[in-house]
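> Going left to right, the sequence shown walks through residues 23 to 326 as our numbering numbers them.
All C-beta atoms in this analysis are idealised placements derived from N, C-alpha and C, irrespective of residue type, glycine included.
Since we're looking at a predicted model, the values are computed, not measured.
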Amino acid sequence: MKTPPHAFLVLATLFWAGNFVVGGPLVEVLPPFGLNLVRWCIALAVLVPLTLLREGTAFVRPAARSWPSLLVMGVTGVLLFNSLVYLALSETSSINAALINGATPILALFVAAALGYGRPTGRGLLGSLVCLLGVAWVVSRGSLETLVNLSPNRGDLFMLVAAFCWALYTVLSGRVTRQVSPLAATTASVVLAFPLLVLTGGYELVAREHAEITPAVLAGFLYVGLAAGVAAFLAWNAGIGRLGSARGAIFLNLIPVFTAAIAVPVLGERLVAAQILGGILVLLGVSLVSYGSRKKSVPDRQDE
């Protein structure tokens, strides 16, 4: 029985939620681009042998028309997104960052339209807005005063650029994975971005101080490299390739819901009623967008 694309997208967002819990303390140990370099060094140590074992050397020569998209995917999704998120969190609140990240599915709809891959649908926009409302309710714990008193800063701009980068990565992933496998697409995009990762991350690791590398920090590196890197990216690309970027991007709003749920047992936080209500709104928005697509294993033209 074939695994439904929804399951891949839920798994990816679950791993990325863990990345917010684990990655926060790691930013205090290494600078953002340096941490991103360490993350992808660990991921490549698994991705390249796995891809060679499964597909031979075919992944280094995908269809010629895929290379520009793979390069952009490498720059936006591998190099910039997480580095900018880590950078944003050093200058803005987690609430601001989560709210801006919640707009990514809406950005993906308009990026797809701008690239000629379909127009935003009323149901897609409505579902995205319902999800955004749910995200706001989760991260603010239902406090309207908290939302009203939010003040923009430079970190918010970094987060907005990060959200746009991930929207572009998602849209291109939906196209590329119809020509090459999710494994090949993930590995090729990381390999293409790696020289830039070395330049930016290597410079930070040499030029800036870092804290002590403890066994707990090493375990964190393994998590962000293997679970939030390899497993999450493979699952995301597999799900987007089959469901389409417009319907698939909405699953990103599960991240703050999962993050809140993980923080309860891991960090000892208390789950409040507002977070449960917000989570229900997010699930409603996700269902609204993805409803009716279960019977389709290949994205329709509107998601291309």
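Are the beta-carbon atoms belonging to A134 and V94 less than 9 Å from one another?
The answer is no: Cβ separation not under 9 Å.
> Alpha carbon to alpha carbon, how far is L265 from R200? Give it in angstroms, no decimals.
The straight-line gap from Cα to Cα measures roughly 11 Å.
> Can we say the region 63-71 touches the region 242-253, given the rule of at least three CB pairs closer than 8 Å?
Short answer: they touch.
> Straight-line CA distance for L303 to A130?
Those two C-alpha atoms are separated by around 20 Å.
> According to DSSP, is N275 helix, strand or coil?
Helix.
> Straight-line CA distance for T35 to V228?
Cα to Cα, the separation comes out at about 32 Å.
> Given this structure, state the Cα-to-Cα distance separating V308 from E231, to the nearest angstrom.
Rounded to the nearest angstrom, the two C-alpha atoms are 42 Å apart.
> Where are the alpha helix (DSSP H) runs, 4 residues long or more, that stay fully inside the region 39-95, in chain order?
Within the region 39-95, the complete alpha helix (DSSP H) runs of at least 4 residues are 54-77 and 89-95.
> Just how far apart, CA to CA, sit A206 and N104?
Distance between the alpha carbons of A206 and N104: 21 Å.
> Around the Cβ of F37, are there at least 16 other Cβ atoms within 10 angstroms (buried) or fewer (exposed)?
Buried, since its Cβ has 16 or more Cβ neighbours within 10 Å.
> For P267, does the three-state DSSP call read helix, strand or coil?
A small fix is needed here, since residue 267 is Ser in this sequence, not Pro. Note: S267 maps to helix in three-state DSSP.
> How do the region 38-52 and the region 265-285 stand: do at least 3 beta-carbon pairs fall below 8 Å, yes or no?
The region 38-52, when compared against the region 265-285, does touch it at the 8 Å Cβ threshold.
> Leaving aside the five residues before and after T222 along the sequence, list all residues of the same chain whose C-beta is less than 6 Å from its C-beta, in chain order.
If we look at T222 and ignore the five residues flanking it on each side, its Cβ neighbours are F55.
> Nearest by alpha-carbon distance to A257: which of P26, E226, L33 and L190 is it?
Out of P26, E226, L33 and L190, L33 has the C-alpha closest to the C-alpha of A257.
> Below 8 Å on the Cβ atoms is my guess for G177 versus S267; work out the distance and round it to an integer in Å.
Not confirmed; about 27 Å, so no contact.
> Would you say M181 and V252 are within 9 Å of each other, going by their C-beta atoms?
Contact: no.
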